[in-house]
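Undergrad: Going by full-length UniProt numbering, 255 is the number at position 255 of the sequence shown; the sequence numbering is gapless.
Note that beta-carbon positions come from the ideal geometry of N, C-alpha and C, so glycine has one too.
Once you've had a glance at the structure underneath, I'll fire off some questions.
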Amino acid sequence: MEDVSDPPFRAVCKENGADLMYTEFISSEALIRDAAQSVAKLDIFEVERPIGIQIFGHNIDSMRASVEITEKVQPDIIDINYGCPVKKVTCKGAGAGILQDIPKMVKMTAEMVKTTDLPVTVKTRLGWDDNTNKGPGMDKIHFMKLSGAGNDFVIINNLAGIVDSTDTDFVKKLCQRRMSVGADGVLLVEKADGVDFRMRYFNADGGEVETCGNGARCISKFAYLNGIASEQMRFLTNAGIYESEIVGQDVKVRMSDPTDIRLNVPLQLEDGMHTVGFANSGVPHVVFFVEDLEETDVFDLGQQTRYHGDFKPAGTNANFIRIQSPGLIDIRTYERGVEDETLACGTGVNRFCYYCGDDDESLDEAKLKELIQFQLDGGTHGIVPCGTTGESPALSEAEHDRVVELTVETVNGQVPVIAGTGSNSTTRTLRATQHAKDAGVDAALIVTPYYNKPTQEGLYAHYMKIADTVDIPIVIYNVPGRCGTDILSPTIARLAEHPNIVALKEATGELKRASEVVNLCPDDFVVLSGDDVNTLPILAVGGKGVISVVANISPADVAEMCNAFHAGNLELARKLHYKTLPLAVDLFIETNPIPAKTALQLMGKLNGKLRLPLVPMVPANLESLRRTLSESGLI
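Written out as structure tokens, the structure reads:
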């Protein structure tokens with residue numbers, strides 16, 4: 001398209017998975033005249049391949065000459081534009097205007113094919129006007145083509161039953177690349193009771209399968225864009241009912257939980273015995289861990305696995321994984337139905353990671369329980385899972401939920417559990433907060449929305465929506481240094497009028513803020529320090545405690561400092577403040593939670609692995625932290 005499909009636009013398309021691109025359309029007459037602006041459109045780059053150059057014109061001789069000029073830059077395809085409806089093009093009989101003279105269109109196309117050895121394609125329309133836009137035996141089927149994480153799909157609204165879903169030849173022909181639309185599969189939107197719609201998925205071979213994770217994302221976007229469903233939807237698949245949500249430009253799908261999970265399964269293939277994992281996430285998957293992913297024969301091993309007797313009759317996908325580093329893997333997938341390697345598979349590998357993960361970053365539930373018990377033994381007054389120190393931004397939704405549930409189970413009512421549930425989406429915050437309540441937590445710690453930087457009225461509306469929707473005590477978390485959003489004291493005072501908004505975690509670094517909030521809010525509104533170096537000063541102006549980073553390392557000292565202050569023993573409170581101050585400083589010598597997790601590793605309580613983009617401490621800072629821990633008697 002003119003002034004659209006230029007090199008920068010094509011680069012974006014390529015980065016987002018486009019298989020084939022075309023240039024802006026170029027006038028044949030302008031190429032013959034050597035017009036600079038038109039000739040410049042012939043510039044293509046190797047990274048763009050495969051790419052077609054699109055030309056248009058009304059004169060057959062000029063079109064033939066322009067093909068000879070065009071093929072000198074060695075495109076992969078020459079495309080003829082018979083579709084442009086713009087008047088200044090059609091008035092000369094070019095673009096869609098040639099549809100008024102079909103014999104000429106046929107002759108021009110034949111001459112172009114004779115002129116070059118390159119493949120020739122055409123862009124056209126069904127006809128010039130309403131009287132010529134339908135040929136014998138033809139009917140219109142409106143569709144959309146979407147790509148999700150590497151797989152592309154043709155999606156058709158079949159609520160009216162316009163497509164015969166038993167016609168496997170239709171699917172195979174539609175998915176055939178270069179000869180038709182081309183796709184990895186076809187998705188049909190059909191009617192179903194009790195849900196927004198039914199998703200039916202057909203592989204390119206015409207076979208219908210249970211589901212597809214990438215397809216679920218694409219059909220959700222299709223249903224939303226076409227008014228079939230709202231932003232939150234439920235739809236039926238052959239693997240069960242899925243829920244999905246449109247979040248800006250993204251789609252989030254809650255699929256069925258993995259079943260039939262098997263680890264360390266022996267699998268005999270032609271080259272010997274392999275040890276694999278297996279899980280069914282709506283689609284069956286076998287997982288191989290390999291050292292050299294590039295040299296792995298994905299097609300041969302994948303095909304043997306797909307048809308292996310252990311997985312009959314349905315067969316299975318095969319995923320080959322190499323772990324690059326903590327939190328980063330490479331994967332190649334052989335997909336049944338496609339019967340070849342595929343770019344991506346949305347239902348593929350389910351990996352569960354958490355702050356205290358083991359060597360492969362999977363959740364070590366025993367270690368998490370030990371950490372919680374360490375806190376309880378130290379006299380901690382409450383446990384906060386899924387906060388900043390718990391690497392909450394790196395947790396998936398499922399991981400977040402499991403950590404909250406496991407914490408509630410382990411604490412078992414001994415102290416309050418305050419779960420971090422905030423995000424920069426009110427919808428996601430509501431979901432996490434409702435889950436936390438259902439899991440049995442005592443309160444929710446909700447950070448101010450980050451990055452999108454709402455106004456004070458936006459912040460007020462955000463917290464009020466949550467407080468009105470989920471009946472649970474809420475602790476506002478104000479940490480502008482991390483979030484880029486600062487909820488001001490008057491706004492907090494307005495929110496404190498709601499019975500469910502009961503406390504503030506104050507982490508602005510400004511001591512006057514705590515005084516303002518204590519002064520403006522009701523007496524029963526609780527102010528908690530969110531910065532260990534300011535805990536004692538905040539207690540002095542009416543604060544009640546701290547949600548602490550230092551307590552991860554030395555829970556007894558932090559708990560005793562708070563106890564001493566509330567008991568009126570200011571001398572002991574000051575002594576413990578100065579004792580923990582070096583820890584409070586060095587635990588922020590790099591981004592939290594890097595030093596905290598490293599300290600727990602040095603104390604022998606964790607393996608210290610971090611999930612990217614967090615990385616290990618630099619040597620100088622590590623040595624400073626080690627020295628402080630040693631001087632504090634912790635190692």
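Can you pull the DSSP bridge partners for Ile98?
TA: Translated into positions along the sequence shown, residue 98 becomes position 98. DSSP lists no bridge partner for Ile98.
Undergrad: Taking the CB atoms as reference points, tell me whether Ile466 and Leu520 lie closer together than 8 Å.
TA: In the sequence shown, the residue the question calls residue 466 occupies position 466. In the sequence shown, the residue the question calls residue 520 occupies position 520. Not closer than 8 Å, so no.
Undergrad: Check this for me: beta carbons of Lys218 and Leu146, under 8 Å apart or not?
TA: Stepping through the sequence shown from its first residue, residue 218 is reached at position 218. Stepping through the sequence shown from its first residue, residue 146 is reached at position 146. In the sequence as presented, Lys is not what sits at residue 218; that position holds Cys. Going by C-beta atoms, Cys218 is nearer than 8 Å to Leu146.
Undergrad: To which residues of the same chain is Gly248 closer than 6 Å at the C-beta, ignoring the five residues directly before and after it?
TA: Looking up residue 248 in the sequence shown gives position 248. Nothing listed; no residue qualifies.
Undergrad: Using the three-state DSSP reduction, which class does Met464 fall into: helix, strand or coil?
TA: To locate residue 464, count along the sequence shown from 1; it is residue 464. Helix.
Undergrad: Mind pulling the beta strand (DSSP E) runs of 3 or more residues that sit fully within the segment 385 to 428?
TA: DSSP assignment within the segment 385 to 428 yields the following whole beta strand (DSSP E) runs of 3 residues or more, N-terminal first: 418 to 420.
Undergrad: Within this structure, are the beta carbons of Ala596 and Leu587 separated by less than 8 Å?
TA: Stepping through the sequence shown from its first residue, residue 596 is reached at position 596. Stepping through the sequence shown from its first residue, residue 587 is reached at position 587. In this structure, Leu587 lies closer than 8 Å to Ala596 by Cβ.
Undergrad: Between which residues of its own chain and Pro440 is the CB-CB distance below 7 Å, once the five residues before and five after are set aside?
TA: On the sequence shown, position 440 is the one that residue 440 refers to. Residue identity differs from the one stated: residue 440 is Gly in this sequence, not Pro. Excluding five sequence positions before and after Gly440, the CB atoms of its chain that fall closer than 7 Å to its own CB belong to Val408, given in chain order.
Undergrad: Might you give, ordered along the chain, the residues of its own chain that have their beta carbon closer than 6 Å to the beta carbon of Gly93, omitting 5 neighbours on each side?
TA: The residue labelled residue 93 in the question sits at position 93 within the sequence shown. Counting only Cβ-Cβ distances below 6 Å, and skipping sequence neighbours, we find His58.
Undergrad: Tell me which residue opens and which closes the alpha helix (DSSP H) that Ile69 is part of.
TA: Position 69 of the sequence shown, counted from the start, is the residue given in the question as residue 69. Looking at the DSSP string, the run of the alpha helix (DSSP H) that includes Ile69 is 60 to 70.
Undergrad: Can you tell which of Tyr224, Ile474, Ile446 has the C-alpha that lies nearest to the C-alpha of His498?
TA: Mapped onto the sequence shown, residue 498 falls at position 498. Checked all of Tyr224, Ile474, Ile446; the closest Cα to His498 is Ile474.
Undergrad: Would you identify the three-state DSSP class for Arg33, choosing helix, strand or coil?
TA: On the sequence shown, position 33 is the one that residue 33 refers to. Looking at Arg33 - three-state DSSP - the assignment turns out to be coil, as it is neither helix nor strand.
Undergrad: Secondary structure at Pro266, three-state DSSP: helix, strand or coil?
TA: As a working mapping, residue 266 is identified with position 266 in the sequence shown. Note: Pro266 maps to strand in three-state DSSP.
Undergrad: Roughly how many whole angstroms lie between the Cα atoms of Phe197 and Thr115?
TA: Residue mapping note: residue 197 aligns to position 197 of the sequence shown, counting from 1. Residue mapping note: residue 115 aligns to position 115 of the sequence shown, counting from 1. For Phe197 and Thr115, the distance between alpha carbons rounds to 50 Å.
Undergrad: In angstroms, rounded to a whole number, what distance separates the CA positions of Met179 and Arg125?
TA: The count along the sequence shown starts at 1 and reaches residue 179 at position 179. The count along the sequence shown starts at 1 and reaches residue 125 at position 125. Going from the Cα of Met179 to the Cα of Arg125 covers about 17 Å.
Undergrad: Can you give the beta carbon distance from Val186 to Leu174, rounded, assuming they're within the 8 Å contact cut?
TA: For the purposes of this step, residue 186 is taken as residue 186 along the sequence shown, with counting starting at 1. For the purposes of this step, residue 174 is taken as residue 174 along the sequence shown, with counting starting at 1. With a Cβ gap of about 6 Å, Val186 and Leu174 count as contacting.
Undergrad: I need the straight-line Cα distance from Thr628 to Ile553, nearest angstrom please.
TA: On the sequence shown, residue 628 is found 628 positions in, with the first residue counted as 1. On the sequence shown, residue 553 is found 553 positions in, with the first residue counted as 1. Roughly 12 Å between the two C-alpha positions.
Undergrad: If I'm right that Met112 touches Arg64 with Cβ under 8 Å, what's the distance once you round it to whole angstroms?
TA: Position 112 of the sequence shown, counted from the first residue, corresponds to residue 112. Position 64 of the sequence shown, counted from the first residue, corresponds to residue 64. Indeed they touch by this definition, with Cβ atoms about 7 Å apart.
Undergrad: In the DSSP assignment, the beta strand (DSSP E) including Leu146 goes from what residue to what residue?
TA: Along the sequence shown, one-based indexing puts residue 146 at 146. Note, Leu146: beta strand (DSSP E), 143 to 148.
Undergrad: Within the continuous beta strand (DSSP E) that includes Asn214, where are the two ends?
TA: Your numbering for residue 214 matches position 214 in the sequence shown. That residue, Asn214, is in no beta strand (DSSP E); its alpha helix (DSSP H) goes 213 to 225.
Undergrad: Going along the chain, which residues of its own chain have a beta-carbon closer than 7 Å to the beta-carbon of Ser489, five neighbours each way excluded?
TA: One-based indexing of the sequence shown puts residue 489 at position 489. Arg513, Glu516, Val517, Leu520, listed in sequence order.
Undergrad: Please classify Glu29 as buried or exposed, where buried requires at least 16 other C-beta atoms within 10 Å of its C-beta.
TA: Start at 1 with the first residue of the sequence shown, and residue 29 comes out as number 29. Buried.
Undergrad: In angstroms, rounded to a whole number, what distance separates the CA positions of Lys453 and Ser423?
TA: On the sequence shown, position 453 is the one that residue 453 refers to. On the sequence shown, position 423 is the one that residue 423 refers to. Each residue's alpha carbon lies about 12 Å from the other.
Undergrad: Sorted by chain position, which residues of the same chain lie with C-beta nearer than 6 Å to Gly608's C-beta, five sequence neighbours on each side aside?
TA: Taking the first residue of the sequence shown as position 1, residue 608 is located at position 608. So the qualifying residues of the chain are Lys597, Thr598, Gln601.
Undergrad: State buried or exposed for Thr455, treating a residue as buried only when at least 16 other CB atoms are found within 10 Å of its CB.
TA: Working through the sequence shown from its first residue, we reach residue 455 at position 455. With fewer than 16 other Cβ atoms within 10 Å, it is exposed.
Undergrad: Distance check for Glu590 and Leu536, CA to CA, integer angstroms please.
TA: Here residue 536 is taken as the residue at index 536 of the sequence shown, counted from 1. Here residue 590 is taken as the residue at index 590 of the sequence shown, counted from 1. So the two alpha carbons sit approximately 23 Å from each other.
Undergrad: Need the endpoints of the beta strand (DSSP E) that Lys123 sits in, please.
TA: Numbered from 1 along the sequence shown, position 123 holds the residue referred to as residue 123. Its beta strand (DSSP E) spans residues 120 to 124.
Undergrad: Less than 8 Å separating the beta-carbons of Gly337 and Gly207?
TA: Here the question's residue 337 lines up with position 337 in the sequence shown. Here the question's residue 207 lines up with position 207 in the sequence shown. Contact check for Gly337 against Gly207 passes: the beta carbons are separated by less than 8 Å.
Undergrad: Whole angstroms are fine: how far does the CA of Asn621 sit from the CA of Tyr382?
TA: Numbered from 1 along the sequence shown, position 382 holds the residue referred to as residue 382. Numbered from 1 along the sequence shown, position 621 holds the residue referred to as residue 621. Here the sequence assigns Gly to residue 382, which means Tyr is not the residue at that position. The alpha-carbon atoms of Gly382 and Asn621 are separated by roughly 30 Å.
Undergrad: Less than 8 Å between the C-beta atoms of Asp79 and Thr121, yes or no?
TA: Reading the sequence shown from its first residue, position 79 is the one you call residue 79. Reading the sequence shown from its first residue, position 121 is the one you call residue 121. Taking a C-beta distance under 8 Å as the contact criterion, Asp79 and Thr121 qualify as a contact pair.
Undergrad: For Val546, tell me which candidate among Asp557, Asp532, Val12 has the shortest Cα-Cα distance.
TA: Position 546 of the sequence shown holds residue 546. Comparing Cα positions, the closest option is Asp532.
Undergrad: Contact check, Phe288 vs His308 under 8 Å by CB: the rounded distance?
TA: The residue you call residue 288 lines up with position 288 of the sequence shown. The residue you call residue 308 lines up with position 308 of the sequence shown. Rounded, the Cβ-Cβ distance is 13 Å, inconsistent with contact.
Undergrad: For Glu24, which three-state DSSP category applies?
TA: Counting from one through the sequence shown, the residue named residue 24 turns up at place 24. Reduced to three states, the DSSP call for Glu24 is coil.
Undergrad: Mind checking whether Pro522 and Ala540 have CB atoms under 8 Å apart?
TA: Mapped onto the sequence shown, residue 522 falls at position 522. Mapped onto the sequence shown, residue 540 falls at position 540. In this structure, Pro522 lies away from Ala540, with their beta-carbon atoms at least 8 Å apart.
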